[in-house]
Amino acid sequence: MDKEATEALKTRATTLYLTASWPIFQRLCREKLGQSGSARLNELMQKDIDRMLKRDVWGGKWTRKTQKR
Amino acid sequence: MDTENAEAMKTPQPRGRKGIQGRATTIYLTASWPAFQQLCKDRLGVSGSKRLSELMRLDLDHMLGKDASNQATEQRIRESELMVANLILQVKKLKAFLTKLNVYDDLEDLVRDWKLDVETFKNLDSVTEKLINYKIKKSDKFSRDDLQLFVGFLSLVREKVLTARSLDQLRISKINGVTTIPPASPDSTAPVSTAKDAEAVSAASSGAMDQSTGAIKKFLESNLDPSQLETLRATNPKAKEILDGKKSNVDRVDTGTAKTPSKATNKSQSETELENLLESELSEEEEENLGNET
Numbered sequence: 001m002d003k004e005a006t007e008a009l010k011t012r013a014t015t016l017y018l019t020a021s022w023p024i025f026q027r028l029c030r031e032k033l034g035q036s037g038s039a040r041l042n043e044l045m046q047k048d049i050d051r052m053l054k055r056d057v058w059g060g061k062w063t064r065k066t067q068k069r
Numbered sequence: 070m071d072t073e074n075a076e077a078m079k080t081p082q083p084r085g086r087k088g089i090q091g092r093a094t095t096i097y098l099t100a101s102w103p104a105f106q107q108l109c110k111d112r113l114g115v116s117g118s119k120r121l122s123e124l125m126r127l128d129l130d131h132m133l134g135k136d137a138s139n140q141a142t143e144q145r146i147r148e149s150e151l152m153v154a155n156l157i158l159q160v161k162k163l164k165a166f167l168t169k170l171n172v173y174d175d176l177e178d179l180v181r182d183w184k185l186d187v188e189t190f191k192n193l194d195s196v197t198e199k200l201i202n203y204k205i206k207k208s209d210k211f212s213r214d215d216l217q218l219f220v221g222f223l224s225l226v227r228e229k230v231l232t233a234r235s236l237d238q239l240r241i242s243k244i245n246g247v248t249t250i251p252p253a254s255p256d257s258t259a260p261v262s263t264a265k266d267a268e269a270v271s272a273a274s275s276g277a278m279d280q281s282t283g284a285i286k287k288f289l290e291s292n293l294d295p296s297q298l299e300t301l302r303a304t305n306p307k308a309k310e311i312l313d314g315k316k317s318n319v320d321r322v323d324t325g326t327a328k329t330p331s332k333a334t335n336k337s338q339s340e341t342e343l344e345n346l347l348e349s350e351l352s353e354e355e356e357e358n359l360g361n362e363t
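In order, the protein sequence lines correspond to chains A and B. Heads up: the first sequence begins at 1 in the numbering used here, then just goes up one per residue. Heads up: the second sequence begins at 70 in the numbering used here, then just goes up one per residue.
This is the structure:
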């Protein structure tokens, strides 16, 4: 595992402004997925980051192709 | 700590933001959080917290959506359990009454001779027809009313067995995690609000199978008032359907277009199963007590 990935796995306490659904979300995560709410949010966040970055890459290629035409 | 987090820390109490109630919550996030915040601001024009709240809500909906199907199954199981319990009670009461009249054994022998299929009850219609058209001999202890009561009893037993079987299927589906349960009939979505309602519905459902008049009607009327029937019709689709079904059954018998008898099953097997079904319903004590109540 490279240094960047190791750093990404390290967590730190962060205060967020979340909706009132947070306690329900925590409980469901624990019951259904067997993990904490924080861990699930981290997963969701990472997926969203990947999606946004992927969209950028794909969008860039598409833009270049259309520009060539 | 960034500006947004600092702001959140200052206002720990729930507050409204664009109509959504929220609260400052401390959670453990990976080091990707600052990058995520930046991306959200750049690409989506929203804060990281807000985006994360959206993601959380979507995930929550997804999880609750999964729960909904499970809850529907559980609800159906509970309803079926209630229904089976009520049917068992009614079967016991009716059997106790017939036993008290000292006609149950003779009637059971009669049905056993006609080889009632107690597995599927496919030939119950023909057996019922035979019972209704039975010419009472001088040596018989039972009367016409007793025969009709016994017809009702058999219908209740069939209803109980079939409902219990479907309940088993539902439980198996739940254990296997099968979500493609046969779609519930529109009536099953109607909630059984109280135990009284459930009993009334159950009583009505037992009546749906009845093809008799006189004593059976009296038996049903003792459980349901006409006003209750009307209320049930109006408020509970299941009761309405069942009651309508009951009417059509009676009509069918009156016109004499009952189904033809199906092939009889092995006699010994049928006898044993019938005996198990009918005789294991009630202990002697319960029979005595319930018989007195009836």
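We put the CB at the ideal spot given by N, CA and C, even for glycine. All values reported here derive from a predicted model rather than from experimental measurement.
### Interface residues of the segment 90–114 of chain B facing chain A [CB-CB below 7 Å]
Per Cβ criterion, the list reads Gln-90, Gly-91, Arg-92, Ala-93, Thr-94, Thr-95, Ile-96, Tyr-97, Leu-98, Thr-99, Ala-100, Ser-101, Trp-102, Ala-104, Phe-105, Leu-108 and Arg-112.
### Message
With the cut-off set at 8 Å, would you say B/Tyr-173 and B/Lys-164 are in Cβ contact?
### Response
Against a cut-off of 8 Å, the Cβ pair of B/Lys-164 and B/Tyr-173 comes out as a contact.
#### Entry: Segments of 4+ residues assigned as alpha helix (DSSP H) that fall wholly inside the segment 135–197 of chain B
Taking 4 residues as the minimum length, the alpha helix (DSSP H) runs contained wholly in the segment 135–197 of chain B are 173–182, in order along the chain.
### Task
Tell me whether B/Gln-159 is buried or exposed, calling it buried when 16 or more other Cβ atoms sit within 10 Å of its Cβ.
Buried: at least 16 other Cβ atoms inside 10 Å.
### Message
Under 8 Å, with one C-beta from each stretch per pair, do the segment 124–135 of chain B and the segment 21–41 of chain A reach the 3-pair mark?
### Response
The segment 124–135 of chain B, when compared against the segment 21–41 of chain A, does touch it at the 8 Å Cβ threshold.
### Task
Answer yes if the segment 210–230 of chain B comes into contact with the segment 165–184 of chain B, meaning at least three C-beta pairs across the two stretches below 8 Å, and no otherwise.
Verdict: yes, contact present.
### Query
According to the neighbour-count rule (16 or more other Cβ atoms, all chains shown, within 10 Å of its Cβ), is B/Lys-207 buried or exposed?
The residue in question, B/Lys-207, is exposed, as its Cβ has fewer than 16 Cβ neighbours within 10 Å.
### Query
Quick one: what's got a C-beta closer than 8 Å to B/Val-153's C-beta in the same chain, skipping five residues either side?
Hits under 8 Å: Lys-229, Thr-232, Ala-233 and Leu-236.
### Query
Fully enclosed by the segment 9–60 of chain A, which alpha helix (DSSP H) runs are 4 residues long or longer?
You should have 22–28.
### Query
What's the gap between the Cα of B/Ala-104 and the Cα of B/Asn-139?
The C-alpha of B/Asn-139 is placed about 38 Å away from the C-alpha of B/Ala-104.
### Message
Give me the DSSP bridge partner(s) of B/Arg-92.
### Response
Under DSSP, B/Arg-92 forms a beta bridge with A/Leu-18.
### Query
How would you label B/Thr-99, buried or exposed, when you count the other beta carbons within 10 angstroms and need 16 or more for buried?
So B/Thr-99 counts as buried.
### Task
Provide the residue(s) that pair with B/Thr-99 in DSSP beta bridges, ordered along the chain.
Answer is A/Thr-11, bridged to B/Thr-99.
### Query
What number of angstroms, rounded off, separates the C-alpha of B/Thr-324 from the C-alpha of B/Lys-191?
Residue placement at B/Thr-324 is flagged as unreliable, the pLDDT there being 36, under the threshold of 50; a coordinate-derived value is accordingly withheld.
### Query
From this set, B/Met-132, B/Gln-217 and B/Ser-101, which residue's C-alpha is nearest A/Asp-50's C-alpha?
The candidate whose alpha carbon is nearest that of A/Asp-50 is B/Ser-101.
### Counted within 10 angstroms of its Cβ, other Cβ atoms place B/Thr-189 as buried (16 or more) or exposed
It is exposed - the Cβ of B/Thr-189 has fewer than 16 other Cβ atoms within 10 Å.
### Query
What's the gap between the Cα of A/Thr-11 and the Cα of B/Asp-128?
For A/Thr-11 and B/Asp-128, the distance between alpha carbons rounds to 21 Å.
### Task
Compare the beta carbon distance of A/Thr-19 and B/Ile-96 with 8 Å and say whether it is the shorter of the two.
Inclusion of A/Thr-19 and B/Ile-96 in the CB contact set at 8 Å is not warranted, their separation being larger than that value.
### Query
Which class does B/Val-115 belong to by DSSP, given the choice of helix, strand or coil?
In the structure shown, the three-state DSSP call for B/Val-115 is coil.
### Query
What whole-angstrom Cβ distance do B/Leu-108 and A/Met-52 have, given they're in contact under 8 Å?
In this structure B/Leu-108 is in contact with A/Met-52, their Cβ atoms being roughly 5 Å apart against a cut-off of 8 Å.
### Query
Of all the options B/Arg-227, B/Gly-117, B/Ile-241 and B/Gln-238, which has the alpha carbon lying nearest to the alpha carbon of B/Ile-157?
Nearest of B/Arg-227, B/Gly-117, B/Ile-241 and B/Gln-238 to B/Ile-157, Cα basis: B/Arg-227.
### Task
Using the Cα positions of B/Arg-240 and B/Leu-151, report the straight-line distance between them to the nearest angstrom.
For B/Arg-240 and B/Leu-151, the distance between alpha carbons rounds to 14 Å.
### Task
Please state whether DSSP places B/Lys-243 in a helix, a strand or coil.
Correct three-state label for B/Lys-243: helix.
### Query
For B/Gly-117 versus B/Gln-106, is the C-beta distance shorter than 8 Å?
Taking 8 Å as the Cβ cut-off, B/Gly-117 and B/Gln-106 qualify as a contacting pair.
### Query
If you count every other CB in all the chains shown that lies within 10 Å of the CB of B/Lys-130, and 16 or more means buried, which is it?
Checking the sequence, you will find Asp at residue 130 of chain B rather than Lys. Classification for B/Asp-130: exposed.
### Task
Go ahead and pull the three-state DSSP assignment for B/Lys-229.
B/Lys-229: helix per DSSP, three-state reduction.
### Task
Give a yes or no on whether the C-beta atoms belonging to B/Trp-183 and B/Lys-199 are separated by under 8 Å.
Yes, Cβ-Cβ distance for B/Trp-183 and B/Lys-199 is below 8 Å.
### Message
When you compare the CB of A/Leu-27 with every CB in chain B, is at least one pair closer than 8 Å?
### Response
One detail in the question is off: residue 27 of chain A reads as Arg in this sequence, not Leu. Using a Cβ-Cβ cut-off of 8 Å, A/Arg-27 does not count as an interface residue toward chain B, since no Cβ of chain B sits closer than that to its own.
### Query
Closest by CA to B/Asp-215, which one among B/Arg-112, B/Phe-166, B/Glu-143 and B/Thr-94?
With distances taken between CA atoms, B/Asp-215 lies nearest to B/Phe-166 out of B/Arg-112, B/Phe-166, B/Glu-143 and B/Thr-94.
### Task
Decide if B/Asp-186 is buried, meaning its Cβ has at least 16 other Cβ atoms within 10 Å, or exposed.
Result: buried.
### Helix, strand or coil at B/Asp-237 [DSSP, three-state]
Three-state DSSP puts B/Asp-237 in a helix.
### Task
Report all residues from its chain with a CB closer than 7 Å to the CB of B/Arg-120; omit the five preceding and five following residues, and keep chain order.
Non-local C-beta neighbours of B/Arg-120 in its own chain, meaning closer than 7 Å and more than five positions away in sequence, comprise Cys-109 and Leu-113, ordered along the chain.
### Message
To the nearest angstrom, how far is the alpha carbon of A/Tyr-17 from that of A/Lys-54?
### Response
Their backbone Cα atoms lie some 27 Å apart in a straight line.
### Task
Quick one: grab the DSSP three-state call for B/Phe-222.
DSSP places B/Phe-222 in helix when its eight states are reduced to three.
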